[in-house]
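Participant: The opening residue of the sequence shown carries number 1 in the UniProt record's numbering; numbering runs sequentially from there.
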Amino acid sequence: MNAIVSDNRLAVLDHSRLRAKAAAKGDGRGHISVRALSIEFDHAGGKRAAVQQASLEIRPGEFVCLLGPSGCGKSTLMNAIAGFVKPTRGELTVDGQPIAGPGPDRGMVFQQHSLFPWKTVRENVAFGPLMAGASRNEATGVARTFLSLVGLAAFEDAYPGTLSGGMQQRVGIARALANYPSVLLMDEPFGALDAQTRIMMQENLLEIWREFKNTVVFVTHDIDEAVFLSDRIVVMSASPGRIIADIRVELPRPREQSLLTDPAFIDYKRQCLDLIRQETLRAFQQQNGG
């Protein structure tokens, strides 16, 4: 019993040191610059533009949501920031450095989890810190902290294949956060969760963001989610994706779900809904030769 208590105390202390080290490293970092960015893919013997002439500046510590109709290039733009997709034209930098590929300064949460099936939940979350040079005690402490934050502390010894899809996604979120990236990229991470868990995760994410000051870029189709979470909502047009609006959300923080009935919240929601409706109609007309 004493050994367990001692190990837990050590894990907490190690986590505190690692968090302080990560905070010092990431202080003032996470500035994203997108300038006249276009991304094209080969399609039916020609080229298809997924993103067209997108320009965007995201300051360190901002929470920005990308919103737009299906197929508008939101995820493509995010994948370019992550370093998974190479732009056709334009400039893309993080903290003034051109993005040449994935890096430890950018954590990614995918629509579908990408966990190691042969590792336990705890081992999956601890993997990043271990690769970054943390001791096993440090990595275990970090893993347990973030598993608690996503409500999965009781499942640390489980394997991903034994969890529900929503629980697997929450492990993926904890794993990305455990690396303390200066930029956190999230591609509809809560889409697979039930409504009540989704609300809890939104509030937990905001608590984590306030503590660790990550720059967050968050893709969503959910207008309520975009308004509730973000400092800014960047609205993209129907394909090819262009940035048609950059809405600053001037609602007080910290935010609670009761905000969803606030008149100011409803005004932001209506503004976004009108833009999305126009672009969805335009996309439908394009698809039907209109």
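All residues carry an ideal CB built from backbone N, CA and C; glycine is no exception.
So what does DSSP say about residue 293, is it helix, strand or coil?
Facilitator: Outside the displayed range of the chain (1 to 290) lies residue 293, so it cannot be described from this structure.
Participant: Out of curiosity, what's the CA-to-CA distance linking residue 146 and residue 234?
Facilitator: Each residue's alpha carbon lies about 28 Å from the other.
Participant: Just grab the DSSP bridge partners of residue 49 for me.
Facilitator: Beta-bridge pairing links residue 49 to 40.
Participant: Please return the same chain residues whose Cβ sits closer than 7 Å to the Cβ of residue 57, not counting the five positions on each side in sequence.
Facilitator: So the qualifying residues of the chain are 33.
Participant: What does the alpha-carbon distance come out to for the pair residue 108 and residue 82?
Facilitator: Each residue's alpha carbon lies about 7 Å from the other.
Participant: For residue 105, which of helix, strand or coil comes out of DSSP?
Facilitator: If DSSP states are grouped into helix, strand and coil, residue 105 belongs with coil.
Participant: Can you give me the start and stop residues for the alpha helix (DSSP H) that residue 244 sits inside?
Facilitator: Per DSSP, residue 244 belongs to no alpha helix (DSSP H); it is in the beta strand (DSSP E), 243-248.
Participant: DSSP beta-bridge partners for residue 332?
Facilitator: As shown, the chain starts at 1 and ends at 290. That puts residue 332 outside it, with no answer to give.
Participant: Could you spell out the range, first to last residue, of the alpha helix (DSSP H) harbouring residue 206?
Facilitator: Its alpha helix (DSSP H) spans residues 195-212.
Participant: Find out if the Cβ-Cβ distance for the pair residue 214, residue 96 is shorter than 8 Å.
Facilitator: Not in contact: residue 214 and residue 96 (Cβ atoms no closer than 8 Å).
Participant: In whole angstroms, what separates the C-alpha of residue 10 from that of residue 160?
Facilitator: For residue 10, the pLDDT reaches just 36, beneath the cut-off of 50, and the residue's location in the model is therefore unreliable, although a value from the coordinates is still provided. C-alpha separation (whole angstroms): 27 Å.
Participant: Roughly how many whole angstroms lie between the Cα atoms of residue 138 and residue 181?
Facilitator: Computed Cα separation, rounded: 16 Å.
Participant: With a CB to CB cut of under 6 Å and the five nearest residues on each side skipped, what residues in its chain are close to residue 286?
Facilitator: Nothing listed; no residue qualifies.
Participant: By how many angstroms is the C-alpha of residue 50 removed from the C-alpha of residue 171?
Facilitator: Cα to Cα, residue 171 sits roughly 30 Å from residue 50.
Participant: Give me the Cβ distance between residue 227 and residue 190, rounded to the nearest whole Å; I'm assuming they're in contact under 8 Å.
Facilitator: Rounded, the Cβ-Cβ distance is 14 Å, inconsistent with contact.
Participant: Please confirm if residue 132 has its CB atom under 8 Å from at least one CB of chain D.
Facilitator: Checking the listed chains, one finds no chain D in this structure; it contains a single protein chain.
Participant: By the three-class DSSP mapping on this structure, what secondary structure does residue 302 have?
Facilitator: Since the first and last residues shown for the chain are 1 and 290, residue 302 lies out of range.
Participant: If residue 128 sits next to residue 59, beta carbons under 8 Å apart, how far is it from one beta carbon to the other, in whole angstroms?
Facilitator: Their Cβ separation, rounded to whole angstroms, is 25 Å, which puts residue 128 and residue 59 out of contact at 8 Å.
Participant: Assign residue 271 to one of three DSSP states: helix, strand, or coil.
Facilitator: Helix at residue 271.
Participant: Any idea which residues DSSP pairs residue 98 with across the strands?
Facilitator: The partner list for residue 98 (beta bridge, DSSP) reads 93.
Participant: Per DSSP, residue 58 forms a beta bridge with which residues?
Facilitator: For residue 58, which the question treats as bridged, DSSP gives the partners 32.
Participant: Pull up the distance between the alpha-carbon of residue 241 and that of residue 74, whole angstroms please.
Facilitator: Each residue's alpha carbon lies about 7 Å from the other.
Participant: Going by C-alpha to C-alpha distance, which of 256, 206, 278 and 247 sits closest to residue 238?
Facilitator: Nearest of 256, 206, 278 and 247 to residue 238, Cα basis: 278.
Participant: Thinking just about the alpha-carbon of each residue, which of 136, 122 and 222 is nearest to the one in residue 154?
Facilitator: Among 136, 122 and 222, the Cα nearest to that of residue 154 belongs to 122.
Participant: Excluding the five sequence neighbours on either side, which residues of its own chain have a C-beta within less than 8 Å of the C-beta of residue 71, listed in chain order?
Facilitator: Correct list, in chain order: 238, 239 and 283.
Participant: Assign residue 218 to one of two classes, buried (16 or more other C-beta atoms within 10 Å of its C-beta) or exposed (fewer than that).
Facilitator: Buried, by the Cβ-count rule.
Participant: Confirm, please, whether the CB-CB distance from residue 229 to residue 110 is below 8 Å.
Facilitator: Contact: no.
Participant: Given a cut-off of 8 Å on the beta-carbon distance, is the pair residue 193 and residue 168 in contact?
Facilitator: Not a contact, by the Cβ cut-off of 8 Å.
Participant: Given this structure, state the Cα-to-Cα distance separating residue 268 from residue 149, to the nearest angstrom.
Facilitator: If I take the Cα positions, the gap works out to 29 Å.
Participant: Three-state secondary structure (DSSP) at residue 282?
Facilitator: DSSP places residue 282 in helix when its eight states are reduced to three.
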